[in-house]
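Trainee: Below is the structure I would like to discuss, written out as C-alpha cells.
Now the structure itself:
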C-alpha cells in the first residue's frame, strides 16, 4: 500500500508541472500569434477570436488564458518593453569601464538593434495604438517604462559634465516637465538640472526619429545604408555634446 501511495503522491506534482509547462507554452504561442497578426494586418488585427482561429483553438478555450483582448495587449507590451529595457541596460553595463561616449553609443546601438529585430514590438510600444485598448491605470509596463526613461536620462547625465557649458542659457525649469517624468528621473539623477532633463528628451528625439523611420520602412526607400546614417548621426551627436571619444 505504501508503494502505491508514494506513486500517487509523486504523480500529482508531475501532472501539475506538465500542465503548467503546457500552459506556459500555449501562452507564449498566443503572444507570438498576436504579434504575427499585427505584422500582417496592423494593430486592429489583434483579436482573441482571430488568434484562436490561427491556433486551431475555440474562442472559449483562449479566454482561459486571457480574459480580454486588453489583458493580452497589456501582457504583450510588458514583454516587449521589458526586453528592450534588458537590452539597453545590458549594453550600458557592458561599456561601464569605458568613457561616457562609449556608453552613450552602446545604449543607442542596442536600442536600434532591438527595434530592428523586434519591429512589431517597437510598433506596439512606440507606434501604432491598438484601437480601443485601455491600459491599466499605472500603464501597461510601468517598470520597463521607468527603466528605459532613466536609461535615457542616464545618457544625458553621462554627457552633462561636458555638455553643461552649452546649455547655461537654457530657460527650462522643473515646471516645464510632467511630474511623472520627474518622479522617475530626479531620484535616479539628482544632480541633473532642468536643462539636463531637456537634453535627455532631445537625445530621445534623435534616436527615436531615425529608428522609427527605419522600422516603418521609410529610410529603405531613400538609402541603402541606414546603418551608416545612424552611425554618423551618433558621431555628430556625441561631438555636439562635447563628449570626448578617445575610448569610444
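In the working numbering, the protein residues as written are 145 to 392.
Glycine residues also receive a C-beta, built at the ideal position from the N, C-alpha and C atoms.
These numbers were taken from a predicted model, which means no experiment stands behind them.
I need the straight-line Cα distance from residue 382 to residue 252, nearest angstrom please.
Mentor: Stepping through the chain shown from its first residue, residue 382 is reached at position 238. Stepping through the chain shown from its first residue, residue 252 is reached at position 108. Going from the Cα of residue 382 to the Cα of residue 252 covers about 11 Å.
Trainee: Roughly how many whole angstroms lie between the Cα atoms of residue 327 and residue 353?
Mentor: Within the chain shown, the letter at position 183 stands for residue 327. Within the chain shown, the letter at position 209 stands for residue 353. Their Cα atoms are separated by approximately 25 Å.
Trainee: Flag this pair as yes or no: are the beta carbons of residue 248 and residue 206 separated by less than 8 Å?
Mentor: Working through the chain shown from its first residue, we reach residue 248 at position 104. Working through the chain shown from its first residue, we reach residue 206 at position 62. No.
Trainee: Just list the alpha helix (DSSP H) runs in the stretch 204–255, keeping only unbroken ones of 4 residues or longer that don't cross its boundaries, in chain order.
Mentor: 213–238
Trainee: Count the other CB atoms, across all protein chains shown, that sit within 10 Å of the CB of residue 278; report buried if there are 16 or more and exposed otherwise.
Mentor: The residue labelled residue 278 in the question sits at position 134 within the chain shown. Flag for residue 278 reads exposed.
Trainee: Could you check if residue 305 is buried or exposed, using at least 16 other CB atoms within 10 Å of its CB as the buried criterion?
Mentor: Taking the first residue of the chain shown as 1, we reach residue 305 at position 161. Residue 305 counts as exposed, since fewer than 16 other C-beta atoms from the protein chains shown sit within 10 angstroms of its C-beta.
Trainee: So which of 308, 350, 362 has the shortest CA-CA distance to residue 376?
Mentor: On the chain shown, position 232 is the one that residue 376 refers to. Nearest C-alpha to residue 376: 350.
Trainee: Would residue 307 and residue 343 qualify as a contact pair, given that the criterion is a beta-carbon distance under 8 Å?
Mentor: Within the chain shown, numbered from 1, the residue matching residue 307 stands at position 163. Within the chain shown, numbered from 1, the residue matching residue 343 stands at position 199. Cβ atoms of residue 307 and residue 343: closer than 8 Å.
Trainee: Among residues of its own chain, excluding the 5 on either side of residue 161, which ones have a beta-carbon nearer than 7 Å to its beta-carbon?
Mentor: Here residue 161 is taken as the residue at index 17 of the chain shown, counted from 1. Excluding positions up to five away in sequence, the list is empty.
Trainee: Give the secondary structure of residue 286 by DSSP, where H, G and I count as helix, E and B as strand, and everything else as coil.
Mentor: Counting from 1 along the chain shown, the entry for residue 286 is found at position 142. Reduced to three states, the DSSP call for residue 286 is helix.
Trainee: With a threshold of 6 Å on Cβ separation, who are the neighbours of residue 295 within its own chain once the five nearest residues in sequence on each side are excluded?
Mentor: Reading the chain shown from its first residue, position 151 is the one you call residue 295. Contacts found: 232.
Trainee: Apply the 10 Å Cβ neighbour rule to residue 177 and answer buried if 16 or more other Cβ atoms are within range, or exposed otherwise.
Mentor: As a position in the chain shown, residue 177 is number 33, starting the count at 1. Result: buried.
Trainee: Quick one: using the 10 Å Cβ neighbour count with 16 as the cut-off for buried, is residue 166 buried or exposed?
Mentor: Residue 166 sits at position 22 when you count from the first residue of the chain shown. The residue in question, residue 166, is exposed, as its Cβ has fewer than 16 Cβ neighbours within 10 Å.
Trainee: Going along the chain, which residues of its own chain have a beta-carbon closer than 8 Å to the beta-carbon of residue 317, five neighbours each way excluded?
Mentor: Locating residue 317 in the chain shown gives position 173, counting from the first residue. Answer for residue 317: 338, listed in chain order.
Trainee: Tell me the rounded alpha-carbon separation between residue 186 and residue 312.
Mentor: If you number the chain shown from 1, residue 186 lands on position 42. If you number the chain shown from 1, residue 312 lands on position 168. Between residue 186 and residue 312, the C-alpha separation is close to 45 Å.
Trainee: Look up residue 312 in the DSSP assignment and say whether it is helix, strand or coil.
Mentor: The sequence position of residue 312 within the chain shown is 168, counting from 1. Residue 312 falls in the coil class under three-state DSSP.
Trainee: Closest to residue 360 by CA distance: which of 271, 225, 287, 230 is it?
Mentor: As a working mapping, residue 360 is identified with position 216 in the chain shown. Closest by alpha carbon: 271.
Trainee: With H, G and I counted as helix, E and B as strand and the rest as coil, what does DSSP make of residue 260?
Mentor: The residue given as residue 260 occupies position 116 in the chain shown. Correct three-state label for residue 260: helix.
Trainee: Could you pull out every residue in the same chain whose Cβ sits closer than 6 Å to the Cβ of residue 179, ignoring the five residues on either side in sequence?
Mentor: Position 35 of the chain shown, counted from the start, is the residue given in the question as residue 179. Contacts found: 264.
Trainee: When we look at the beta-carbon of residue 372 and count the other beta-carbons within 10 Å, is it buried (16 or more) or exposed?
Mentor: Reading the chain shown from its first residue, position 228 is the one you call residue 372. Taking every protein chain shown into account, the CB of residue 372 has fewer than 16 other CB atoms within 10 angstroms, so this residue is exposed.
Trainee: What's the C-alpha gap between residue 284 and residue 221?
Mentor: As a working mapping, residue 284 is identified with position 140 in the chain shown. As a working mapping, residue 221 is identified with position 77 in the chain shown. Their Cα atoms are separated by approximately 6 Å.
Trainee: Using the Cα positions of residue 157 and residue 164, report the straight-line distance between them to the nearest angstrom.
Mentor: Position 13 of the chain shown, counted from the first residue, corresponds to residue 157. Position 20 of the chain shown, counted from the first residue, corresponds to residue 164. Rounded to the nearest angstrom, the two C-alpha atoms are 10 Å apart.
Trainee: For residue 340, count neighbouring C-beta atoms within 10 Å of its own C-beta (all shown protein chains included) and say buried if the count is 16 or more, exposed if not.
Mentor: Here residue 340 refers to the residue found at position 196 of the chain shown. Counting of Cβ neighbours within 10 angstroms places residue 340 among the buried residues, the total reaching 16 or more.
Trainee: Here's a check: name, in chain order, each residue in its chain whose Cβ is nearer than 6 Å to the Cβ of residue 345, leaving out the five neighbours to either side.
Mentor: Here residue 345 refers to the residue found at position 201 of the chain shown. There are no such residues.
Trainee: Answer yes or no: do residue 209 and residue 171 have a C-beta to C-beta separation smaller than 8 Å?
Mentor: Counted from its first residue, the chain shown places residue 209 at position 65. Counted from its first residue, the chain shown places residue 171 at position 27. Yes, these two residues count as a Cβ contact at 8 Å.
Trainee: Do you know offhand how far residue 184's Cα is from residue 335's?
Mentor: On the chain shown, position 40 is the one that residue 184 refers to. On the chain shown, position 191 is the one that residue 335 refers to. Roughly 46 Å separates the two Cα atoms.
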